[in-house]
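Read the structure below first, then the notes.
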Amino acid sequence: MFITGAAGYVGRNLLRHFIAKGHRVTGLVRNEEAARRVASWGGEPVLGDMLTADLVPLMSGAETLIHAAASVDHGVGSPAARVNPEGTRRVLDAARQAGVTKVVHISTDSVLQNGRPLSNVDETTPYPARPAGAYSAGKAEAERIARRAATAGQHVVILRPRMVWGRDDTTALPVLVEAVRSGKFAWISGGGYRSSTMHIANLCHAVDLALRHGRSGEIYHVSDGPARTFRETVTGLLESQGLEVPDKSVPRGVLRTVARIGDGLHRVSGGRLHGPLSFQDYATSAVEITLDTRKAERELGYAPIITWEDGLLELSSKEVAISRGER
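As structure tokens, then:
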């Protein structure tokens with residue numbers, strides 16, 4: 001098995017998941033420190049950048065590929081618009097040449113984001129004419145590349161999780177913790193809108209099922225199950241780190257205007273000026289986004305393996321509480 005982005009949050013959990021199931025896993029990483037971490041988890045690291053490396057020999061002998069590497073920069077003019085589609089194209093081309101038989105491409109709900117609510121959307125929902133930002137646009141194009149590869153005969157399955165969280169989170173949770181500690185945290189219109197989530201263990205399970213049962217060229221929405229409000233979700237995450245959650249709130253309309261003005265300033269200034277948040281940030285966290293997962297349940301046999309409550313208990317344990325400076 002070959003995993004791109006093997007030292008990232010999703011990648012390293014996938015690596016450990018499949019090693020625990022007896023797989024021999026090679027992980028693509030970009031530096032020596034990441035390589036040492038992959039080796040410490042029992043993986044076989046290979047150094048390379050998905051945009052420049054000769055990936056074919058690195059994938060030699062692998063039967064399956066999980067493409068988890070991505071730029072997650074939500075800023076205006078983010079390189080994600082170029083990096084994610086080009087990286088996906090190169091990774092899939094290399095997999096085809098190396099004789100990899102099955103691919104799972106990790107995508108995101110962001111491909112559907114345009115700043116408007118997305119309520120219980122399924123896989124037939126079209127891409128928006130005006131994506132929320134460079135990240136949404138780049139990940140949508142990466143999906144198109146993956147689907148074209150499937151049409152050409154490559155076995156490629158696409159998963160769309162939202163708001164991945166859980167043990168050893170080094171992405172969203174540290175940002176939330178720092179916002180509270182610095183006094184910058186505020187709810188958006190009270191946070192009462194709903195949001196799907198995806199515990200990292202549930203995502204690893206979904207990838208496992210997609211490799212075994214996924215139909216090539218198909219997209220599958222996956223989540224933790226019934227959605228909670230954004231406020232309930234974020235409150236649970238922060239309280240698991242021993243933090244008292246502020247009650248301060250900002251009207252959604254104000255934040256939307258600030259985001260649009262900030263994006264405009266960035267464009268007219270050639271990138272020299274930027275606002276406190278991008279419209280991509282706004283679209284990701286300010287409106288309802290809930291996913292219909294019935295297709296994954298029906299075709300993959302997917303059901304969550306860890307509950308919201310158990311995930312929070314895991315986060316609050318001494319071993320994984322990132323707010324205490326671990327990992």
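Each residue of the sequence shown is one higher than the last, beginning at 1 in UniProt numbering.
A virtual CB, placed ideally from N, CA and C, is assigned to each residue, including glycine.
Alpha carbon to alpha carbon, how far is G192 from G236? 14 Å
Give me the Cβ distance between G166 and H199, rounded to the nearest whole Å; I'm assuming they're in contact under 8 Å. 5 Å
Write down the C-beta distance between L159 and V104 rounded to the nearest angstrom, noting that I regard them as a contact closer than 8 Å. 6 Å
Which residues in the same chain have their Cβ closer than 7 Å to the Cβ of P79, if we skip the five residues on either side of it in sequence? S71, D73
Could you pull the start and end residues of the beta strand (DSSP E) that K295 belongs to? Per DSSP, K295 belongs to no beta strand (DSSP E); it is in the alpha helix (DSSP H), 294-299.
According to the neighbour-count rule (16 or more other Cβ atoms, all chains shown, within 10 Å of its Cβ), is K102 buried or exposed? buried
Output needed for E309: all residues of its chain with C-beta closer than 7 Å, excluding positions within five of it in sequence on either side, in chain order. none
Could you check if K139 is buried or exposed, using at least 16 other CB atoms within 10 Å of its CB as the buried criterion? buried
Taking the DSSP output, what are the residues bridged to V103? L65, V156
Is S196 closer than 8 Å to L291 when the C-beta atoms are compared? yes
Counting beta carbon pairs with one atom in the segment 198-212 and one in the segment 13-29, are three or more of them shorter than 8 Å? yes
How would you call G242, buried or exposed, if buried means at least 16 neighbouring beta carbons within 10 angstroms? exposed
Pairwise C-alpha distance: G87 and T307: 33 Å
Residues that DSSP places opposite L47 in a beta bridge: V29
Distance between Y135 and P117 (C-alpha atoms, nearest Å): 18 Å
Here's the rule I'm using: 16 or more other beta-carbon atoms within 10 Å means buried, otherwise exposed. How should G153 be labelled? exposed
So, with DSSP's three-state summary, where would you put T88? helix
Does the separation of the CB atoms of L28 and T52 fall below 8 Å? no
Do I106 and A132 have their C-beta atoms within less than 8 Å of each other? no
Opening and closing residue of the beta strand (DSSP E) in which H221 lies: 219-221
Can you tell me the Cβ-Cβ gap for A227 and G115, rounded? I've got them flagged as a contact below 8 Å. Between G115 and A227 the Cβ distance is about 19 Å, and since that is not below 8 Å, they are no contact.
Using beta-carbon positions only, say whether M59 and V100 come within less than 8 Å of one another. yes
Can the beta-carbon of L238 be found less than 8 Å from the beta-carbon of I188? no
V245 - DSSP class collapsed to helix/strand/coil: coil
Taking Y9 and T170 to be in contact with their CB atoms under 8 Å, please state how far apart those CB atoms are, rounded to whole angstroms. 5 Å
Measure the C-alpha to C-alpha separation of L209 and K248 and round it to an integer number of angstroms. 41 Å
Residue of S285, T108, G61 minimising C-alpha distance to N84: T108
Considering only their Cβ atoms, is the gap separating V222 from A172 smaller than 8 Å? no
Return the Cβ separation of R30 and D49 in integer angstroms, given the expectation that the two are a contact with Cβ distance under 8 Å. 6 Å
V156 vs G217 beta-carbon contact at 8 Å: yes
Option nearest F18 by Cα separation, candidates R215, I66, L176, E33: I66
Closest to P57 by C-alpha separation, out of A81, P276, G43, D93, would be which residue? D93
Please state the DSSP three-state secondary structure of T171. coil
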